[in-house]
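Engineer:
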Amino acid sequence: MPYIKQNWCMHPYHDIIDSVTGKKKFVKTGKNPTHPVGIHRINADSAQIINKQYSLVIESGSREVCEGDKICTSCLRRLLNDEKNQDHNDLDNVEMMNTGEEDPSNVDIGHYDDKGDIEYDNSKDDKNIEDLPSSQERTYNNEQARTKLNLVFELLNIPTIRDVRRSKNIRQNVDRACSILYKLCDMLVDCTIPLNDHQLSMNDASELLSGLKKLFHESGEDEQIRLLTISPDGWGRTVVEKWFGCTEHQARMGLHLKINKGVLAYPEYSNGNKPLPDNTVQLIKEFYLSDGISRASARKRDVIHIKKVPFPVQFMEMTGREAYQQFKSEYPNVVVGKSSFNSLRPRQVKCLAPADTCLCIYHENFYLLLKSWNKMLKEKSLIKDDVELIITDKYLVNRIVCGIPGEDCYNGRCDTCGIISPSDILLQNIMIDDDEQFSWSQWITANNKIDLLHINGSVSSFLDEINNKWKQFLLHWYITTVQKEYIKSIRLNSSFTTHIVAQLDFAENYSIFYQREIQSYHWNNDQVTIFTVQLKVGSVHKNIVIISNYMLHNTAFVYVAQSIIVNYIKQHFPFIQIINYLSDGAGSQFKNNYNMFNLLHHLRDFGIQACWTFSSTGHGKGPIDGLGASSKSTATRSVKSSGTVISSAKEFYEFTKQYNENAAKLSGNNEPPINAFYVDSTTVEATYQNFLKPRWDKLNKTDHIKQIRSFHQFNIRSENVILCKQTSSSLDYMTTVYRTENTTESTVTPVHTVTDISIDTYVITKYNDKLHLAKIKSINYPAQEIQVIYYEPEFPATIFYVSRLKNRHGSNINVQNIILLLRRNPTIGKQNEVYIDHEQYNDITNLSEQL
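Going by full-length UniProt numbering, the sequence shown opens with residue 1, and the numbers climb by one from there.
(1) Leaving out five residues before and five after T743 in sequence, what residues of the same chain have Cβ atoms less than 6 Å from its Cβ?
(2) According to DSSP, is Q840 part of a helix, a strand, or is it coil?
(3) CA-CA distance, R237 and F244?
(4) If H40 sits next to I71, beta carbons under 8 Å apart, how far is it from one beta carbon to the other, in whole angstroms?
(5) Buried or exposed for G457, going by 16 or more other Cβ atoms inside 10 Å?
(6) Alpha carbon to alpha carbon, how far is V107 from L200?
(7) Who does E792 pair with in a DSSP beta bridge?
(8) Leaving out the 5 sequence neighbours to the left and right, which residues in its chain are closer than 7 Å to residue 862 when beta-carbon positions are compared?
(9) Would you call the CB atoms of L289 and P346 closer than 8 Å?
(10) Assuming residue 913 and I49 make a contact with CB atoms under 8 Å, what is their CB distance in whole Å?
(11) Can we say the region 755-762 touches the region 818-830, given the rule of at least three CB pairs closer than 8 Å?
(12) How many angstroms separate the CA atom of H553 from the CA atom of F513?
(13) Helix, strand or coil, according to DSSP, for A629 in the structure here?
(14) What residues in its chain sit with their C-beta under 6 Å from that of R717, if we drop five residues either side in the sequence?
(15) Determine the direct distance from the alpha carbon of L731 to that of Y833, and round the result to whole angstroms.
(16) Taking the runs of the alpha helix (DSSP H) that are 4 residues or longer, which of them lie wholly in the region 583-634?
(17) Taking the beta carbon of E839 as the centre, do at least 16 other beta carbons fall within 10 Å, making it buried, or is it exposed?
(18) Using CA coordinates, which residue listed in K542, K31, D186 is at the minimum distance from I569?
(19) So what's P310 in DSSP terms, helix, strand or just coil?
(20) Taking just the CA atoms, how far does V152 sit from V174?
(21) Taking the continuous beta strand (DSSP E) assigned at P750, which residues delimit it?
(22) Secondary structure at Y478, three-state DSSP: helix, strand or coil?
(23) Output yes or no for whether 8 Å exceeds the beta carbon distance between S596 and F506.
(24) Quick one: Cα of A797 to Cα of T735, how far?
(25) Please tell me whether I818 and I757 are closer than 8 Å, where the distance is taken between their beta carbons.
(26) List the DSSP bridge partners of D505.
(27) Which one of I304, F327, T481, K591 has the shortest CA to CA distance from E407?
(28) Can you tell me the Cβ-Cβ gap for G538 and S489, rounded? I've got them flagged as a contact below 8 Å.
(29) Give me, in chain order, the residues of the same chain whose beta-carbon lies closer than 7 Å to that of D117; leave out the 5 immediate sequence neighbours on both sides.
(30) Would you report the Cα separation of W8 and G38, rounded to the nearest angstrom?
(31) How should L215 be labelled, buried or exposed, when 16 other C-beta atoms within 10 angstroms of its C-beta is the threshold for buried?
(32) Is the beta carbon of Q515 sitting closer than 8 Å to the one on V639?
(33) I'd like the list of long-range same chain contacts for L603, defined as Cβ closer than 7 Å, with 5 residues on each side in sequence excluded.
(34) Using 8 Å as the threshold, is the region 574-582 in touch with the region 672-680, meaning 3 or more CB pairs across them?
(35) Based on the DSSP secondary-structure assignment, which residues constitute the bridge partners of H704?
(36) Which residues share a DSSP beta bridge with S439?
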């Protein structure tokens, strides 16, 4: 065993001789030497102080203390107390000495003995530095840290610490020292990848790692396993689990993923994909049931029972692939596969629809034309460059109309796209003879009967046919698209404090039958009227059926049904401000002047505002179609299976109400699936005779809305003014003023002299060979000059605004420029706009042509 030299404490205190025994108090020999080991190196000033204080001991034969000698901790404490008493607090000359202990704070860099071997100390002073006072202990610890850092800095040729207050420079020097040590390590071990090549300070690295831990804890399960793969290669499962604060399973999965897939690889699970969130599942089911994706069948046979609750069957209006593509376009952030999307289709939604009997004639005729054209191209392979292209109505619309289309593009008034015909698009990239024969089909009305006609003709005849139908189809396609989006928007934006959407429609009558009936009764059975309503407010749906023995589906019955609907809304949704009625354009029921006249009085009749939205022709299908089918199917099944007897509309109502109340009890919900109401025929007839007929008889026939079927949105502007729009989103509109007084006198009269007019009356003037509405502001009788206020636009129009341009350049005219005087001033709107009614419009047109 090699000899290890001991560094004994050189302080003379340990050489003092005991006066009793005559021996030294501290010995260096034996198994348990009492002489302490030297730890702390002293400088010349400290050595001088010690020699001065213990001069007597030194004279007795003890060795003088020199610079560089080491003393124990107890002697150091004694020395510090002595220096404190002498007001010497500078400890810069006290340096640390390695003791050979495992504590890194006692490292003595580069201290060797005379033989070149490293010196080790075997023991340690029994007394701890904690015995010092707290303030001196802090000072001592600070000086220790400063001394150690200075030793390292001097070794690495880095400026030493002179002022401990410059903490930023000290940290920079520490980072610099670490960087040098890393480089030395790389040179020694010949490492191909540098251990620290990011040039980050210790503080920045600590902040970055703290952010990484925070990111880990805020990530999802899969992302957490990905982040675990960035752990160092030397880390095991236990270290990863402890540092990241993850579970044992996660640490194992992260290390396994790193070994097999690499850093930041995505985990894959062989036991199947994770289930979709509940909100995603509900969103997909609602998407399947929405308008445009599927439609409810109105036939009573198309009803399916799910958990003993009847649901009307809904048929898809597109393929499963098209529905999935539309869902991805509307909800791009929802992650769902095609197979999962198809599996979530509700049971009542069917892909294969039966023979459709209520198709739009405009869409169906155009579809038949394009179907024949695509079939001919496929059979004759007339497409160039082997490009397979299926021509659809949407494809033609996108190719013909402008890139940013306006309403004029669809009305055929656009100068850019209005001159393009569909035949120009169909003949692109193909070579075909105009005289070549092929066949197509069309629904044609002949002799008051509509039938499917198969036509054989040339290509040129076919192209003429499709060009002739294009403008009408384009307008219908535009109205259908806009109305569908608007209806979807008002449903989505409805709330308990703004508006409610009430969709109305008559269902097919229910034919009363018996389980056992005679043969002749089948041709003479009674029927029941079913009026269906669905209320949509926020996320709440309310279903209503109004049952009656009144067999006429007319506006009078609709008015009585409105009173029931309004009372139900006031009872269940008291804060609703406006009712937005929604229906198809049936002329005998909804879209007629009498119903619009009732809408004008809706606020006075029911105490709540209302407007009316119509779907495009042939596209009025909706969820209400299933209400009638469900009610009729339930009654039919009960009559056939359980022997229920329904012999009148009243009994049909009682059965429907009782059935839905029982369904509500079984489901634990107090709200029945369908709310049933009954209206007797005497109520409808009395309402018509006593209230509606007198109102409608007062309506002036000349005040009817012209071409009412071309409008699809009706809003109330004022007490007797209704605003009509081609589509619900149209910026242009027409106003109609309803009047109830009857008169045969013309509403306008010619103007001959200045005495025929007066101030604040309205006249028709001739300005630049065009007719303009104007208001008399002042009259200069001697000069025969009149000052007027011009309105725009020019006639013909029914709504006018003050013209700033014409009034700015002067508005004095002669009486010869005034051709007509309005006997009755027009209606003034809330923003000072002027409305003239249809009677005034017709009289102005007729008299101006005569003059």
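Here a beta-carbon is modelled for each residue, glycine too, at the ideal position from N, C-alpha and C. These numbers come from a predicted model, not from an experiment.
Structural biologist: Reading off the structure:
(1) Translated into the one-based positions of the sequence shown, residue 743 becomes position 743. Any reading at T743 must be qualified, since the residue scores a pLDDT of 44, below 50, and its modelled position is unreliable; no value is offered.
(2) Taking the first residue of the sequence shown as 1, we reach residue 840 at position 840. If DSSP states are grouped into helix, strand and coil, Q840 belongs with the helices.
(3) Translated into the one-based positions of the sequence shown, residue 237 becomes position 237. Translated into the one-based positions of the sequence shown, residue 244 becomes position 244. The straight-line gap from Cα to Cα measures roughly 11 Å.
(4) Position 40 of the sequence shown, counting from 1, holds the residue named residue 40. Position 71 of the sequence shown, counting from 1, holds the residue named residue 71. Contact flag correct, Cβ pair sits at about 6 Å.
(5) Reading the sequence shown from its first residue, position 457 is the one you call residue 457. So G457 ends up on the exposed side.
(6) Indexing the sequence shown from 1 puts residue 107 at position 107. Indexing the sequence shown from 1 puts residue 200 at position 200. Per-residue confidence for V107 stands at a pLDDT of 37, beneath the threshold of 50, marking its modelled position as unreliable; no derived number is given.
(7) As a first step, residue 792 must be located in the sequence shown, where it is residue number 792. Partner(s): Y801.
(8) Because the chain spans 1 through 851 in this model, residue 862 falls outside it and cannot be assessed.
(9) In the sequence shown, the residue the question calls residue 289 occupies position 289. In the sequence shown, the residue the question calls residue 346 occupies position 346. Taking 8 Å as the Cβ cut-off, L289 and P346 qualify as a contacting pair.
(10) Within the shown structure, residues of the chain are numbered from 1 to 851, placing residue 913 beyond reach of any answer.
(11) yes
(12) For this step, residue 553 is matched to residue 553 along the sequence shown. For this step, residue 513 is matched to residue 513 along the sequence shown. Taking the straight line from one Cα to the other gives about 22 Å.
(13) Reading the sequence shown from its first residue, position 629 is the one you call residue 629. Helix.
(14) The count along the sequence shown starts at 1 and reaches residue 717 at position 717. These residues qualify, in order along the chain: L723.
(15) Mapped onto the sequence shown, residue 833 falls at position 833. Mapped onto the sequence shown, residue 731 falls at position 731. In the sequence as displayed, the identity of residue 833 is Glu instead of Tyr. So the two alpha carbons sit approximately 16 Å from each other.
(16) 593-600, 602-606
(17) Along the sequence shown, read from residue 1 onward, the residue named residue 839 stands at position 839. Buried, since its Cβ has 16 or more Cβ neighbours within 10 Å.
(18) As a position in the sequence shown, residue 569 is number 569, starting the count at 1. Taking only the C-alpha atoms, the option nearest I569 is K542.
(19) In the sequence shown, the residue the question calls residue 310 occupies position 310. Strand, per DSSP.
(20) In the sequence shown, residue 174 corresponds to position 174, counting from 1. In the sequence shown, residue 152 corresponds to position 152, counting from 1. Straight-line Cα distance between these residues: approximately 9 Å.
(21) By one-based count along the sequence shown, residue 750 stands at place 750. Residues 748-750.
(22) For the purposes of this step, residue 478 is identified with residue 478 of the sequence shown, where counting begins at 1. Three-state DSSP puts Y478 in a helix.
(23) Within the sequence shown, residue 596 is the residue found at index 596, counting from 1. Within the sequence shown, residue 506 is the residue found at index 506, counting from 1. Reading off the sequence, residue 596 comes out as Met, not Ser. For M596 and F506, no; Cβs fall outside 8 Å.
(24) Within the sequence shown, the letter at position 797 stands for residue 797. Within the sequence shown, the letter at position 735 stands for residue 735. Cα to Cα, A797 sits roughly 10 Å from T735.
(25) Residue 818 sits at position 818 when you count from the first residue of the sequence shown. Residue 757 sits at position 757 when you count from the first residue of the sequence shown. Yes, the pair counts as a contact, with Cβ atoms nearer than the cut-off.
(26) Looking up residue 505 in the sequence shown gives position 505. D505 pairs with T532.
(27) Along the sequence shown, read from residue 1 onward, the residue named residue 407 stands at position 407. Per the Cα distances, T481.
(28) Locating residue 538 in the sequence shown gives position 538, where the first residue counts as 1. Locating residue 489 in the sequence shown gives position 489, where the first residue counts as 1. About 14 Å; that fails the 8 Å criterion.
(29) For the purposes of this step, residue 117 is taken as the residue at position 117 of the sequence shown. Note that D117 scores a pLDDT of 37, beneath 50, so its modelled location is shaky; the value from the coordinates is reported in the next line. None.
(30) Within the sequence shown, the letter at position 8 stands for residue 8. Within the sequence shown, the letter at position 38 stands for residue 38. If you take the alpha carbons of W8 and G38, they lie about 5 Å apart.
(31) One-based indexing of the sequence shown puts residue 215 at position 215. Burial call: exposed.
(32) By one-based count along the sequence shown, residue 515 stands at place 515. By one-based count along the sequence shown, residue 639 stands at place 639. A contact, by the Cβ cut-off of 8 Å.
(33) Position 603 of the sequence shown, counted from the start, is the residue given in the question as residue 603. The answer, listed in chain order, is Q609.
(34) no
(35) In the sequence shown, counting from the first residue as 1, residue 704 sits at position 704. Answer is none; H704 lacks a bridge partner.
(36) Counting from one through the sequence shown, the residue named residue 439 turns up at place 439. Paired residues: N456.
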